[in-house]
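Residue numbers (the working numbering): 51 to 333. We treat Cβ as the ideally placed atom computed from N, Cα and C, and that holds for glycine. Report on the following structure.
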Amino acid sequence: MKPLNFDDLKGKVCVLTGGGGAIGASLAEFLARRGVRMAILDLNGARAEEVAKQVKRETGTPAVGIKTNVLEKESLEQAAEAIHKEFGKVDFLINAAGGNSPKGTTEAEFLESVSEQDLEKSIYGLDIEGFRWVFDLNLSGTLLPTLVFTRDMLDLGSGAVVNFSSMSALRPLTRVGAYSAAKAAVTNLTEWLAVHLAKKNIRINAVAPGFFVGEQNRFLLFDEKTGELSPRGNKIIMNTPMGRFGDYGEIHGTVAFLLSGMASFITGVTVPIDGGFNAYSGV
Ligand code: NAD
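Okay, structure coming up:
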């Protein structure tokens, strides 16, 4: 057997959906530094192009940004055509497009009473369309790119996919019912696809990030005025044995490992990146 290291990443072609996002943009740069040619796909086309430009400038590795909707097969197929022209066939796929909506989130953690007001703040007050939207983005938004881009991997005789699940898939978080269920479906689909494609040497794995501070959740975790932890932020820290939030950079190494030949016998797993949150019962 050949010695295992990260060198086999060099020169590979990787599609990254949600590449304009907080995690995606930094991950693109990390992989490009290891010589991976990145196709950065995002619904926000201008942002995808901006990230690709920055990646090229900072790393010297070719990168391309393409406006793509992960919920439309035609849009994904157009992106595939552009990538083939630019780089050739796709070796890796990272499904990072995903997220939550206030329409799939309850205002209350618990249903305290059956008053009209409390019912409205609970699951009974949620619009089913909000639930559907979150499910579609996270689940179909993972499946459709996988269907389009693993076709190249079938031709190549090998490939690797990394999906973005979440800690809320493994330990459902209060309020975010739709997101938790949708990410649990992503973890389940990861296992299902891993089995389905195993004989074609295509590995499908996922990461389940715990709590990271980004622009969109900073003021849920910290008080905007005092900078102190918010009650929810404090609860998270109390339940994270390592006693801190994660840094986005701490996701990169796991994704690179799962894509590389170092993980050549690993398929169907979801790796928690959570400072021990998943392992801790609170006692
Ligand atoms: P983000 O919101 O910063 O980025 C998501 C990107 O996806 C955005 O650039 C957005 O434009 C793009 N996008 C949305 N809908 C799309 C569509 N239909 N087609 C193409 N692109 C679309 O999110 P992030 O924090 O970078 O998270 C990346 C992934 O990690 C998501 O799946 C998220 O659910 C998951 N995750 C994040 C955290 C965290 O702490 N940030 C924790 C656990 C899991």
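Beta-carbon proximity check, residue i vs residue j, cutoff 8 Å
i	j	result
V105	A146	no
S172	L161	yes
P195	V114	no
L239	L189	yes
L143	T118	no
I116	V63	no
L220	P291	no
R87	P112	yes
Between the CA atoms of residue j and residue i - distance to the nearest angstrom
i	j	result
G264	V212	21 Å
A102	G332	42 Å
D177	W242	30 Å
E157	R225	7 Å
S76	G110	15 Å
K153	F181	7 Å
T304	S165	47 Å
F295	T276	18 Å
E131	D202	11 Å
Residue i: CB within 7 Å of a non-hydrogen atom of the ligand NAD
i	result
P259	yes
F307	no
M217	yes
I133	no
A78	no
A82	no
8 Å contact criterion, which residue i and residue j should meet: CB distance rounded
i	j	result
S208	I252	7 Å
F56	S310	5 Å
A244	T317	4 Å
For this session: Note down, one range per segment and in chain order, each alpha helix (DSSP H) of at least 4 residues found wholly within the region 64 to 136.
Result: 72 to 83, 95 to 109, 123 to 136
Exercise. Mind pulling the beta strand (DSSP E) runs of 3 or more residues that sit fully within the region 142 to 169?
Worked result: 142 to 145
Problem set entry | alpha helix (DSSP H) runs contained entirely in the region 213 to 237, provided each spans 4 or more residues | 217 to 220
For this session: Could you name each continuous beta strand (DSSP E) segment of 3 residues or more that falls completely within the region 240 to 300, going from the start of the chain to the end?
Result: 252 to 259
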